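A.B. asks: Before we start, here is the structure in question, set down as structure tokens.
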Amino acid sequence: MRISVIGTGYVGLVTGVCLAEIGHTVTCVDVDSFKIKMLKEAKSPIYEPLLEDLMLKNISNGKLYFTDSYCEGINDAKAIYIAVGTPPKDDGTVNLEYLDGVVNTISEHISEYTVIITKSTVPVGTNKRIMECILQKKVDRSLFDIVSNPEFLREGSAVQDTFKADRIVIGTDSEKAAKLMEEINGPFEVPIFKTDLQSAELIKYASNAFLATKISFINEIANLSEKLNANIEDVSRGMGLDKRIGSSFLNAGIGYGGSCFPKDTKALVQIAGNVRHEFELLKSVINVNNNQQLVLVSKAKKRFGSLNGLNIAVLGLAFKPNTDDMREAASIKIIQQLLEEGANIVAYDPVAINKAREHISGNLQYTTDLKAAVNNSDCIFILTEWDEIKNVNLSEWNSSQRKIIIFDGRNCYPLDKVRLLGIEYHSIGRPIING
């Protein structure tokens, strides 16, 4: 089937590439001509495992195209996916400016039956509004249908998540559109759940809010564990063995970040407020996460008294491993606080340094050399659980001449291991070792 995907961010690019991989002819459209030039050369503007290999394969076999021309990208498409950004405004509401612009453009190009599919995360009621906007452009109602098809991708494993998804949610009031969506997605061999537009929109927000709630809950239990001399790893493992709870998203740390959880939790609070529903639980989830991001700084200040003049190696900048995404990364807030305390910082990340420079202001050094970051440091802050960090030989960091102090925000190392090595180790929800 001939498909158009508008927007080549994480969601749009991964969606387009994966649809091409299962046999569709896909044209990805973006107004950024520089980005389109990169994409035509099979170079991804985002760091995502497996993506560039699939891009090259499908460009070569004539299944995947890129253009900055809406006319070229939309013409003859039976299905048009909208995957443009819906960033938050200062008050937490969703900015639909880019989506509205795309809808207006699509309206000008509809000449035969087309299914318009919203991949972008949008407030409940947006897809109904899209339909009304197109009708206001005097487009015949028989020429289009609207579908809400929310994404559930995790950055760093987005390609795998597409092919091994738990479900594909299709929200539409049209049986014709639902059948076309089943035809498009059939080769994925993933269970399809069909519902109405509003329910599909809410499923996306509710899913992310629930996962964020699990993270904030386990972090609160971690903080309690420290005060009760319990071990959060044993607590979370024991909880996760209960099938009603499950083990996923029960890893204690310094909170969630990225492009989805912070934005979607705030947006859902606003959506609830619009219908006079005070979402007190979710407000608490957000507050817990905001506080959790600075737990390591508090631990270091308690240990040293003052951080002024301290040489600190910050390991990991991206909000999670296997991505270069810095949106809402805990490292931003933590580094800013450390700089305000007068610390000297050398920051390490294998892929996110360029994007980190756009988000972090202040006087600090960056390096992609893990050993260089640690050398001459008074202590180490671990903020992202990259494999390069988890698999490091800790004995190289610690010696009789130089004892290191680690503040681990991701619980990367077994307590027995650091105890044997004589490393002073402060982690989340676990006893202090050798301190």
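Residues in the sequence shown are numbered from -6 upward in steps of one, following the working numbering. Note that beta-carbon positions come from the ideal geometry of N, C-alpha and C, so glycine has one too. No experiment lies behind these values; they were computed from the predicted model shown.
DSSP beta-bridge partners for Ser(-3)?
C.D. replies: Thr20, Ile73
A.B. asks: How far does the beta strand (DSSP E) with Thr155 in it extend, from its first residue to its last?
C.D. replies: No beta strand (DSSP E) holds Thr155; the alpha helix (DSSP H) holding it covers 151 to 156.
A.B. asks: For the candidate residues Ser113, Leu49, Val19, Val108, whose alpha-carbon lies nearest to that of Glu90?
C.D. replies: Ser113
A.B. asks: How about Val77 and Leu92: are their beta carbons less than 8 angstroms apart?
C.D. replies: yes
A.B. asks: Would you say the stretch 319 to 327 touches the stretch 291 to 303, given that touching needs at least three Cβ pairs under 8 angstroms?
C.D. replies: no
A.B. asks: When you compare the CB of Tyr40 with every CB in chain D, is at least one pair closer than 8 angstroms?
C.D. replies: The structure shown contains no chain D, having only a single protein chain.
A.B. asks: Check the C-beta distance from Asn244 over to Ser229 and give it rounded, since I have them as a contact under 8 angstroms.
C.D. replies: 7 angstroms
A.B. asks: Expressed to the nearest angstrom, what Euclidean distance is found between the alpha-carbon atoms of Phe27 and Ile(-1)?
C.D. replies: 16 angstroms
A.B. asks: Please report how far the alpha carbon of Ala311 lies from the alpha carbon of Tyr3, in whole angstroms.
C.D. replies: About 15 angstroms.
A.B. asks: What number of angstroms, rounded off, separates the C-alpha of Gly233 from the C-alpha of Ile110?
C.D. replies: 36 angstroms
A.B. asks: I need the straight-line Cα distance from Ile196 to Lys187, nearest angstrom please.
C.D. replies: 11 angstroms
A.B. asks: For the beta strand (DSSP E) that contains Ala340, what are its first and last residues?
C.D. replies: For Ala340, the enclosing beta strand (DSSP E) begins and ends at 337 to 341.
A.B. asks: Quick one: grab the DSSP three-state call for Pro424.
C.D. replies: coil
A.B. asks: My output table needs one value for Asp93: the three-state DSSP class, helix, strand or coil.
C.D. replies: If DSSP states are grouped into helix, strand and coil, Asp93 belongs with the helices.
A.B. asks: I need the boundaries of the beta strand (DSSP E) containing Asp401, first residue and last residue.
C.D. replies: 398 to 401
A.B. asks: Ignore the nearest five residues each way along the sequence and tell me which others in Val117's own chain have a CB closer than 8 angstroms to its CB.
C.D. replies: Gln191, Glu194, Leu195, Tyr198, Ile264
A.B. asks: Report yes or no: do the stretch 247 to 254 and the stretch 171 to 181 share at least 3 C-beta pairs separated by less than 8 angstroms?
C.D. replies: With a cut-off of 8 angstroms on Cβ pairs, the stretch 247 to 254 is not in contact with the stretch 171 to 181, counting fewer than three such pairs.
A.B. asks: Tell me the DSSP bridge mates of Asn304?
C.D. replies: Partner(s): Asn337.
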